[in-house]
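Heads up: the sequence shown is residues 253 to 516, going by my numbering. Ideal Cβ placement from N, Cα and C applies to all residues, glycine included. Note that the coordinates shown come from a computational prediction; the quantities given were computed from them, not determined experimentally.
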Amino acid sequence: MPLVGVAANRLIDDGVHREWVRRRYIDALETYANVEIVILPTRSTDDIEGSRRVVARLDGLVLTGDESNVSPEYFLHANTPRPSPTESTYYRAETDPYRDMMASLVLSAALERGLPILGICRGLQELNVFFGGSLYEDISLETNMLTHKEDISLPRDRQYDPVHEVTVQDGGKLARILGGNVPIIVNSLHNQGIRILAPGLQCEAVAADGLIEAASVSSTGIFQMGVQWHPEWHAADDVVSRKLFAAFGNACAAFEGKRQGDPV
């Protein structure tokens, strides 16, 4: 069974550092992608070789969502992380430079190996920043944009219900996965988003206000894609989510088969 690395986040509570990831990601990946999971801890050092050794054991990579925002200053256009953040720069629920550092390290190694990659919400934004794109820091401050944040007056489960339409781009990789370019309805729980798409990515889906809701690495036929919505939350009831996870799982299985067939 393919082994997939799932990005964790750094939580600091009462001065104690913790790694955490929501169970929904693990459940959806195990059930609908049919993969085994290993959690990738955040890093606070430039351990490039250590990240490469870990990624060398994987058949796929998932960059999860989180309440924290991406800090573009922790990435260089040369795909190399900046020096490690200090604890004084860290503010919970605003930024997570430890996650930013880890994402840049594992993305570099995963792309070098040609691993299947699935980015979800923050993960899509990390892909875009890594390749040199830019983000809206707060979409709610932009005029003529949809409301992309969740309604916090609703029960938590209902905050992940579908709320707006997304148009899948004709002839793209996502369209092939879903069986066409018909509009889909997605949930929306983010305040950052893609402002300028990175030159190394291609748009796969767009919202009515023009915001890019899915993008893929344009230089490869491998599944290396990010989506702005959360397919993991109601995957059991959503065929689009199940198709997305299944396609990622199939890509990971194909990578595993190729890796096992490589000469030692």
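- In the three-state scheme derived from DSSP, where H, G and I count as helix and E and B as strand, R270 is classed as strand.
- In this structure, M354 lies near A259, with their beta-carbon atoms less than 9 Å apart.
- L310 and W272 have their alpha carbons spaced roughly 20 Å apart.
- A residue is called buried once 16 or more other Cβ atoms fall within 10 Å of its Cβ, and V381 is buried on that count.
- If you ignore the 5 residues before and after Y284, its C-beta comes within less than 8 Å of the C-beta of A487, S493, R494, F497, A498, G501, all in its own chain and listed in chain order.
- Remark: C-beta atoms of G445 and N433 do not approach each other more closely than 9 Å.
- Following the DSSP letters along the chain, one finds N502 inside the alpha helix (DSSP H) bounded by residues 491–513.
- Under the 10 Å beta carbon count, M477 is surrounded by 16 or more other beta carbons and is classified as buried.
- Excluding residues up to 5 positions away in sequence, Q444 lie with their Cβ nearer than 7 Å to the Cβ of E389 in the same chain.
- Beyond the five residues adjoining it in sequence on each side, L359 comes within less than 6 Å, by CB distance, of F382 in the same chain, given in chain order.
- A Cβ-Cβ contact shorter than 9 Å links C373 with L441.
- The three-state reading of DSSP puts T316 in coil, since its state is none of H, G, I, E or B.
- Shown here for A457: same chain residues with a beta carbon closer than 7 Å to its own, the five before and five after excluded, namely V418, T419, V420, Q421, L426, E465, A466 in chain order.
- D279: member of the alpha helix (DSSP H) spanning 275–280, first to last residue.
- DSSP lists N321 as the beta-bridge partner residues of T347.
- Excluding five sequence positions before and after R304, the CB atoms of its chain that fall closer than 7 Å to its own CB belong to A361, given in chain order.
- Annotated three-state conformation of L263 is strand, per DSSP.
- By the C-beta density criterion, V268 is exposed, having fewer than 16 other C-beta atoms within 10 angstroms.
- For G371, the pairing in a beta bridge is given by DSSP as L315, G478.
- Cβ atoms of W485 and R276 come within 8 Å of each other, at about 6 Å.
- E364 is not bridged by DSSP to any residue.
- Note that the C-beta distance between I300 and L357 is below 9 Å.
- Taken atom to atom, the span from the alpha-carbon of F475 to that of P368 is near 5 Å.
- Distance check between L315 and each of R511, H482, A505, D490 places H482 closest, using alpha-carbon atoms only.
- Closest option to T347, judged by alpha-carbon separation, among A460, S323, L379, L363: S323.
- Residue L453 holds the alpha-carbon nearest to the alpha-carbon of T472 among A459, G462, L453.
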